[in-house]
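Here is the structure we will look at.
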Amino acid sequence: MAADPRKAPAEDAVREQLKQEEERVAPKEGGEPDPQEESPQSQDPSPEEEDDASEEDPGDREPGGEEDPGDREPGSEELDPEPEDPLAAAERERDEYLALAQRAQADFENYRKRTAREAAAATHRAKSGLMGELLSVVDNLERALGSAAEGEEHLADGVRLVHSELVAVLNRNGVQQFDPAGERFDPAVHEALSTREQEGSGAGLVLDVIEKGYRLNGNVLRPARVVVSAG
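Per this note's numbering: the sequence shown = residues 838 to 1068.
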């Protein structure tokens, strides 16, 4: 039996409507989902959700976020250092250079005094050696004068003149002669060569002077060689 031509359009319309309904419920493969079927998570948050987000704990924020100025502790703000006063800086620098100059001057003064003492000590040692050697010449001249025989006055006068000139040279160089005859024996300036009993003399007195003593600038250059009483 032949189909009713009037029912064909109606059936086609029903099939088309069913097809559209299936396409709406099940999205096409690889296609975009129907905006009307989006999940609630993709929708805009409600006013209540916005309030909850605003009350989030600041400690849960990710590092690098801006810090609320109200959360800073008082006095934690970094202050820019004030520039130094040019006059104060110049005075400070002047004081530093002055202190350095004073230390350098003190060091130089100490160096000068030390070198002067060392030079004086070296001069004293050199002079002591020379003067000590000349003393033996003086001793020999004095012995020659003491043993000059009668009739040799001209020779004695010549020796006496040489002796006087040599003693004058020693005096000009700080050498002084001392004769301790009759003094109390002092081992610091006397050298006892022998002792002798002598009536009327107490012990420890200088009886005879074999060789006179000499001082150089107040210091003993050679002690006097003497004979001391034994008491």
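Glycine included, C-beta positions come from ideal geometry on N, C-alpha and C.
Same chain, Cβ closer than 6 Å to residue i, five either side skipped, listed in chain order
| i | result |
| --- | --- |
| residue 1014 | 1049 and 1051 |
| residue 1056 | none |
| residue 1054 | 1011 |
| residue 876 | Here residue 876 scores only 48 on pLDDT, less than 50, and its place in the model should not be relied on; the value that follows carries that caveat. Once the five neighbours on either side are set aside, residue 876 has no close Cβ partner at all. |
Cβ-based neighbour list, residue i, same chain, cut-off 8 Å, excluding 5 preceding and 5 following
| i | result |
| --- | --- |
| residue 848 | none |
| residue 982 | 993, 996, 997 and 1000 |
| residue 1023 | 1017 |
| residue 1041 | 1021, 1022, 1065, 1066 and 1068 |
| residue 872 | Because the pLDDT of residue 872 is 48, which lies under 50, any placement of that residue in the model is unreliable, and the question is left without a value. |
| residue 964 | 1010, 1011 and 1053 |
Beta bridge counterpart(s) of residue i as assigned by DSSP
| i | result |
| --- | --- |
| residue 1059 | 1051 |
| residue 1045 | 1064 |
| residue 1021 | 1042 |
Nearest to residue i (by Cα), restricted to the options the options
| i | options | result |
| --- | --- | --- |
| residue 971 | 1064, 857, 1065 and 1004 | 1004 |
| residue 1065 | 1047, 1033 and 935 | 1033 |
| residue 968 | 853, 1035, 1008 and 956 | 1008 |
| residue 979 | 1063, 1060, 855 and 1047 | 1047 |
| residue 976 | 1061, 1010, 942 and 858 | 1061 |
| residue 1045 | 1019, 1036 and 1037 | 1019 |
Endpoints, the beta strand (DSSP E) within which residue i is located
| i | result |
| --- | --- |
| residue 1031 | 1027-1033 |
Classification of residue i by the beta-carbon crowding that lies within 10 angstroms, buried from 16 upward
| i | result |
| --- | --- |
| residue 1027 | buried |
| residue 959 | exposed |
| residue 924 | exposed |
| residue 938 | exposed |
| residue 1030 | exposed |
| residue 920 | exposed |
| residue 1063 | buried |
| residue 1059 | buried |
| residue 1006 | exposed |
| residue 1043 | buried |
Host alpha helix (DSSP H) of residue i (start-end)
| i | result |
| --- | --- |
| residue 1015 | Where residue 1015 is concerned, there is no enclosing alpha helix (DSSP H), although the beta strand (DSSP E) it sits in stretches over 1012-1015. |
| residue 969 | 923-983 |
| residue 994 | 990-1009 |
Chain-order list of residues whose beta-carbon lies under 7 Å from that of residue i (same chain, five-residue window excluded)
| i | result |
| --- | --- |
| residue 852 | none |
| residue 867 | Any reading at residue 867 must be qualified, since the residue scores a pLDDT of 48, below 50, and its modelled position is unreliable; no value is offered. |
heavy atom of the ligand COA below 8 Å from residue i C-beta
| i | result |
| --- | --- |
| residue 930 | Among the ligands in the structure shown, none appear at all, so the ligand COA cannot be discussed. |
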